[in-house]
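K.L.:
I have a structure here, written as structure tokens, and I will follow up with some questions on it.
Residue numbers (our numbering): 48 to 159.
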């Protein structure tokens with residue numbers, strides 16, 4: 048098996064609900080850590096999101112493995128940030144039988 052080339056630094060963030068003071072909440076993001084990753088594009092498509100066209104690209108993002116429950120282990124509903132780019136994590140799987148690496152399936156959406 049060829050080892051992944053972890054050559055990009057990504058910030059792992061998790062959603063946090065913050066009370067808006069009127070009985071509802073606003074969503075905020077908290078940084079969990081910085082991970083080195085290999086980012087591989089998969090597929091892309093254009094979709095309509097209301098009156099705006101949105102370009103959606105799927106990625107396979109490989110990071111070092113971390114045990115279940117560890118704060119730096121990515122999970123679905125979290126996201127990676129690379130500057131202004133945001134990759135929403137949809138699923139996470141073991142990349143190899145030993146669990147040395149994890150494959151995160153993520154989507155990036157950009158208004159066109």
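Each residue gets a CB set at the ideal place from its N, CA and C atoms; glycine is no exception.
Would residue 86 and residue 106 qualify as a contact pair, given that the criterion is a beta-carbon distance under 8 Å?
P.N.:
Numbered from 1 along the chain shown, position 39 holds the residue referred to as residue 86. Numbered from 1 along the chain shown, position 59 holds the residue referred to as residue 106. Their beta carbons are under 8 Å apart, which means residue 86 touches residue 106 by this criterion.
K.L.:
Between the C-alpha atoms of residue 63 and residue 125, what's the straight-line distance to the nearest angstrom?
P.N.:
Sequence index remark: in the chain shown, residue 63 carries index 16 (1-based). Sequence index remark: in the chain shown, residue 125 carries index 78 (1-based). Distance between the alpha carbons of residue 63 and residue 125 is about 10 Å.
K.L.:
To the nearest whole angstrom, what separates the beta carbons of residue 102 and residue 93, a pair I think is in contact under 8 Å?
P.N.:
Start at 1 with the first residue of the chain shown, and residue 102 comes out as number 55. Start at 1 with the first residue of the chain shown, and residue 93 comes out as number 46. Correct: roughly 5 Å between the Cβ atoms.
K.L.:
Can you find the residues in the same chain that come closer than 6 Å, C-beta to C-beta, to residue 52, ignoring five residues on each side of it along the sequence?
P.N.:
What you label residue 52 is simply residue 5 of the chain shown in a count that begins at 1. The answer, listed in chain order, is 85.
K.L.:
Express the C-alpha separation of residue 134 and residue 127 in angstroms, rounding to a whole number.
P.N.:
To locate residue 127, count along the chain shown from 1; it is residue 80. To locate residue 134, count along the chain shown from 1; it is residue 87. Each residue's Cα considered, the two are about 5 Å apart.
K.L.:
Pop quiz: residue 81 and residue 58 are said to be a contact at Cβ under 8 Å. What is the actual Cβ separation, rounded to whole angstroms?
P.N.:
Locating residue 81 in the chain shown gives position 34, counting from the first residue. Locating residue 58 in the chain shown gives position 11, counting from the first residue. With a Cβ gap of about 6 Å, residue 81 and residue 58 count as contacting.
K.L.:
Measure the beta-carbon distance from residue 113 to residue 139 and round it to whole angstroms, keeping in mind my assumption that it falls under 8 Å.
P.N.:
Position 66 of the chain shown holds residue 113. Position 92 of the chain shown holds residue 139. Not a contact, Cβ separation roughly 10 Å.
K.L.:
Give me whichever residues DSSP pairs with residue 60 in a beta bridge.
P.N.:
Sequence index remark: in the chain shown, residue 60 carries index 13 (1-based). Partner(s): 78, 126.
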